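Colleague:
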Amino acid sequence: MKRTEINELLKTTEAGHKINVKGWVRTKRGSKNVSFIALNDGSTINNIQVVVEMNEENDKLLERIHTGAALSVDGMLIESAGSGQRVEVQATKLEILGEANPNEYPLQPKKHSLEFLREKAHLRYRTSTFSAIGRIRHAMIFAIHKFFNDRGFYNVHSPIITGSDAEGAGEMFQVTTLDLENMPKNPDGKIDFSRDFFGKAANLTVSGQLEAELAALALSKVYTFGPTFRAENSNTTRHLAEFWMIEPEMAFYDINDDMDLAEDMLKYVIDYALEHCMDDLLFLSKRLEEEEKNKKADERSMELIEKLRFVLDNPFERITYTEAIDILKNSNHNKKKKFQYLIEDWGADLQSEHERYLVEKHFKKPVILTNYPKDIKAFYMKQNDDGKTVRAMDVLFPQIGEIIGGSQREEVYSKLADRMAEMHIPEESMWWYLETRKFGTVPHAGFGLGFERLMLFITGMGNIRDVIPFPRTPQNLEF
RNA sequence: UCCUCCUUAGCUCAGUUGGUUAGAGCAUCUGACUGUUAAUCAGAGGGUCGUAAGUUCAAGUCUUACAGGGGGAGCCA
15 MKRTEINELL KTTEAGHKIN VKGWVRTKRG SKNVSFIALN DGSTINNIQV VVEMNEENDK
75 LLERIHTGAA LSVDGMLIES AGSGQRVEVQ ATKLEILGEA NPNEYPLQPK KHSLEFLREK
135 AHLRYRTSTF SAIGRIRHAM IFAIHKFFND RGFYNVHSPI ITGSDAEGAG EMFQVTTLDL
195 ENMPKNPDGK IDFSRDFFGK AANLTVSGQL EAELAALALS KVYTFGPTFR AENSNTTRHL
255 AEFWMIEPEM AFYDINDDMD LAEDMLKYVI DYALEHCMDD LLFLSKRLEE EEKNKKADER
315 SMELIEKLRF VLDNPFERIT YTEAIDILKN SNHNKKKKFQ YLIEDWGADL QSEHERYLVE
375 KHFKKPVILT NYPKDIKAFY MKQNDDGKTV RAMDVLFPQI GEIIGGSQRE EVYSKLADRM
435 AEMHIPEESM WWYLETRKFG TVPHAGFGLG FERLMLFITG MGNIRDVIPF PRTPQNLEF
């Protein structure tokens, strides 16, 4: 018989027909005459209840069925005689597809710590929490593609292996086919990369932005959505060595158009999650609420769905770096010396604590900071006429901090070339990028959204290692 | 990379000012129960207290080193 997925079964309004269902056992409860199995196949957070009448044959099978076992069940879909669910499956034939030895299977029908599950990453998808995150992650990927497609953007595949080492976004992972035990050397003792696969040193990309700019200067509106690699020794709840980034790039956009797009996109995907992932969000919300109970009253945060709606319904606050410095400098927090790094002079980079103060204490909503000092930002950002600032824009979210970093790009050849020289970026490695400013240059802008940081916000999870199936972080490559 | 905390049963945790035989819930096994909802009730098995060394009459408890993990900071998305 053809299998029906559990989300379909639970939606059924007409009961009383024969079906087949397959899935993994979440719990089994028994009494003298009847046993109940909660079965889940990942199509929904909800389980279907399988009812098994006790007889000699079923007794033997049930002894081998424990949490984690895979089953195929033929039976009648009927209205439930119990009160916890609308429909259930009255089993006529049970088949064990795969047993799970209860003395070895690590997952139990109870709450496990996220730390424990991280060490069981090969099985954690089978928990309610991680299957919910998996489904939401898919929905967000789809929503992002839909958002851009509906607005006439083209998706571009930027390269994963790159020969450019001047993107300046962070430490890079080297890619080589040279024999590490026996590296070819030049007469001066340095490694001879002309003998390497590409004839030069190669790395994994840290950003697709520069390539996206090339595409935008022909296709007008493009976006990348691909893996990104940073070899920084970052050990935090919001950094990964391998993460997915969305980088739209638009010709004829200025910084204000860029901010509008960023805000629209974030609101669109939040709305999409509320529309399509409510079951999973409600589960994660309940889970969070239980965790929050253990916290002090003033450390508790807004309920997950309420928080998503709040961001959706309120315009983001847009202020300049200079205005932010004034707010921080004159804040009681600064005067009472509650910041670890006190704000004194214009020009300093903002610390996490300052960003959090602006978002969580002062404005109490997402903030877009613009026009940063040029010395703390990348070489490609559009220089303002004041000679001090650039048209950068960072979107700051509660709890997460920077979720988007973007800017209008410098389109004037001479200004870009001068800035590269000032920052010691070798022109010969970036000649192709500079040429776009030589031929038919136009104002353009773009931004980068860290996909896992978006996932942190949508799911309310606290650690970025829990919103990507197989996290890559320093000293960790087990799965 | 820096600072800080944690490691006790398969899992989550308790373990007093160092003191006799290290506890609980869940899970597992046995039994009871006419439909349960992370079922319930009764009983059983399960631990060289992360590893190594030290202090002490005595260490799960104190000290040091190492390992694994968490949180915070920096770098950023």
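The numbering of the first sequence is my numbering, which starts it at 15 and goes up by one. Virtual Cβ for every residue (Gly too), placed ideally from N, Cα, C. The structure displayed is predicted, hence computed values, not measured ones.
Provide the residue(s) that pair with K42 in DSSP beta bridges, ordered along the chain.
Modeller: Taking the first sequence and counting its residues from 1, one reaches residue 42 at position 28. DSSP, once it has assigned bridges, lists I51 as partnering K42.
Colleague: Hey, would you say N60 sits closer than 8 angstroms to R40, going by beta carbons?
Modeller: Mapped onto the first sequence, residue 60 falls at position 46. Mapped onto the first sequence, residue 40 falls at position 26. Not in contact: N60 and R40 (Cβ atoms no closer than 8 angstroms).
Colleague: Can you look up L108 in the DSSP assignment and give me helix, strand or coil?
Modeller: Position 94 of the first sequence, counted from the start, is the residue given in the question as residue 108. In this structure, L108 counts as strand in the three-state DSSP scheme.
Colleague: Skipping 5 residues on each side, what residues in its chain have a beta carbon closer than 6 angstroms to that of E369?
Modeller: Locating residue 369 in the first sequence gives position 355, where the first residue counts as 1. Excluding residues within five positions, the ones whose Cβ falls inside 6 angstroms are L410 and G415.
Colleague: Suppose contacts are defined by Cβ-Cβ distances below 8 angstroms. Is V236 in contact with Y168 by that definition?
Modeller: The residue labelled residue 236 in the question sits at position 222 within the first sequence. The residue labelled residue 168 in the question sits at position 154 within the first sequence. The answer is yes: Cβ separation under 8 angstroms.
Colleague: In angstroms, rounded to a whole number, what distance separates the CA positions of R151 and S145?
Modeller: Locating residue 151 in the first sequence gives position 137, counting from the first residue. Locating residue 145 in the first sequence gives position 131, counting from the first residue. For R151 and S145, the distance between alpha carbons rounds to 10 angstroms.
Colleague: Looking at E466: is its Cβ nearer than 8 angstroms to the Cβ of V481?
Modeller: Within the first sequence, residue 466 is the residue found at index 452, counting from 1. Within the first sequence, residue 481 is the residue found at index 467, counting from 1. Yes, Cβ-Cβ distance for E466 and V481 is below 8 angstroms.
Colleague: From R140 to I472, what does the alpha carbon distance come to, in whole angstroms?
Modeller: Within the first sequence, numbered from 1, the residue matching residue 140 stands at position 126. Within the first sequence, numbered from 1, the residue matching residue 472 stands at position 458. Cα to Cα, the separation comes out at about 20 angstroms.
Colleague: Using CA coordinates, which residue listed in Q354, H253, I319 and D363 is at the minimum distance from A338?
Modeller: The count along the first sequence starts at 1 and reaches residue 338 at position 324. Residue D363 is the option with its Cα nearest to A338.
Colleague: Would you call M273 buried or exposed, if buried means 16 or more other Cβ atoms sit within 10 Å of its Cβ?
Modeller: Residue 273 sits at position 259 when you count from the first residue of the first sequence. With 16 or more Cβ atoms within 10 Å of its Cβ, M273 is classed as buried.
Colleague: With C-beta atoms as the reference, is I175 less than 8 angstroms away from V189?
Modeller: For this step, residue 175 is matched to residue 161 along the first sequence. For this step, residue 189 is matched to residue 175 along the first sequence. Cβ atoms of I175 and V189: closer than 8 angstroms.
Colleague: List, from N- to C-terminal side, the beta strand (DSSP E) runs of 3 residues or more that fit wholly inside the region 354-431.
Modeller: Qualifying beta strand (DSSP E) stretches, in chain order: 381-387, 403-411 and 415-422.
Colleague: Pick from H438, M469, K134 and P262: whose alpha carbon is nearest that of F493?
Modeller: The residue you call residue 493 lines up with position 479 of the first sequence. For the residues H438, M469, K134 and P262, the minimum Cα distance to F493 belongs to K134.
Colleague: Counting beta carbon pairs with one atom in the region 415-434 and one in the region 283-295, are three or more of them shorter than 8 angstroms?
Modeller: Counting Cβ pairs under 8 angstroms, fewer than three are found: no touch.
Colleague: Using DSSP's beta-bridge definition, name the partner residues of S86.
Modeller: Position 72 of the first sequence holds residue 86. Answer by DSSP bridge pairing, in chain order: K36 and E109.
Colleague: Quick one: which unbroken alpha helix (DSSP H) runs of 4-plus residues sit fully inside the region 209-292? Chain order, please.
Modeller: Listed in chain order, the complete alpha helix (DSSP H) runs (minimum 4 residues) inside the region 209-292 are 223-233 and 269-290.
Colleague: Report all residues from its chain with a CB closer than 7 angstroms to the CB of A254; omit the five preceding and five following residues, and keep chain order.
Modeller: Translated into positions along the first sequence, residue 254 becomes position 240. The displayed chain sequence assigns Leu, not Ala, to residue 254. Here the set comprises E466, I478, I482, P485, R486 and T487.
Colleague: Considering only the beta carbon of each residue, do Y386 and E424 sit closer than 8 angstroms?
Modeller: Within the first sequence, residue 386 is the residue found at index 372, counting from 1. Within the first sequence, residue 424 is the residue found at index 410, counting from 1. No, they are not a contact pair.
Colleague: Does the contact criterion of 3 or more C-beta pairs under 8 angstroms hold for the region 205-214 versus the region 152-160?
Modeller: Because the criterion of three Cβ pairs below 8 angstroms is not met, the region 205-214 and the region 152-160 do not touch.
Colleague: Classify R486 as helix, strand or coil using the three-state DSSP reduction.
Modeller: In the first sequence, counting from the first residue as 1, residue 486 sits at position 472. DSSP places R486 in coil when its eight states are reduced to three.
Colleague: Given this structure, state the Cα-to-Cα distance separating P241 from M259, to the nearest angstrom.
Modeller: Within the first sequence, the letter at position 227 stands for residue 241. Within the first sequence, the letter at position 245 stands for residue 259. Cα to Cα, the separation comes out at about 6 angstroms.
Colleague: Applying the 10 Å Cβ sphere with the 16-neighbour rule, what's the burial state of F130?
Modeller: Counting from 1 along the first sequence, the entry for residue 130 is found at position 116. When all chains shown are included, F130 counts as exposed.
Colleague: Does DSSP put E317 in a helix, a strand or coil?
Modeller: By one-based count along the first sequence, residue 317 stands at place 303. Coil at E317, not helix or strand.
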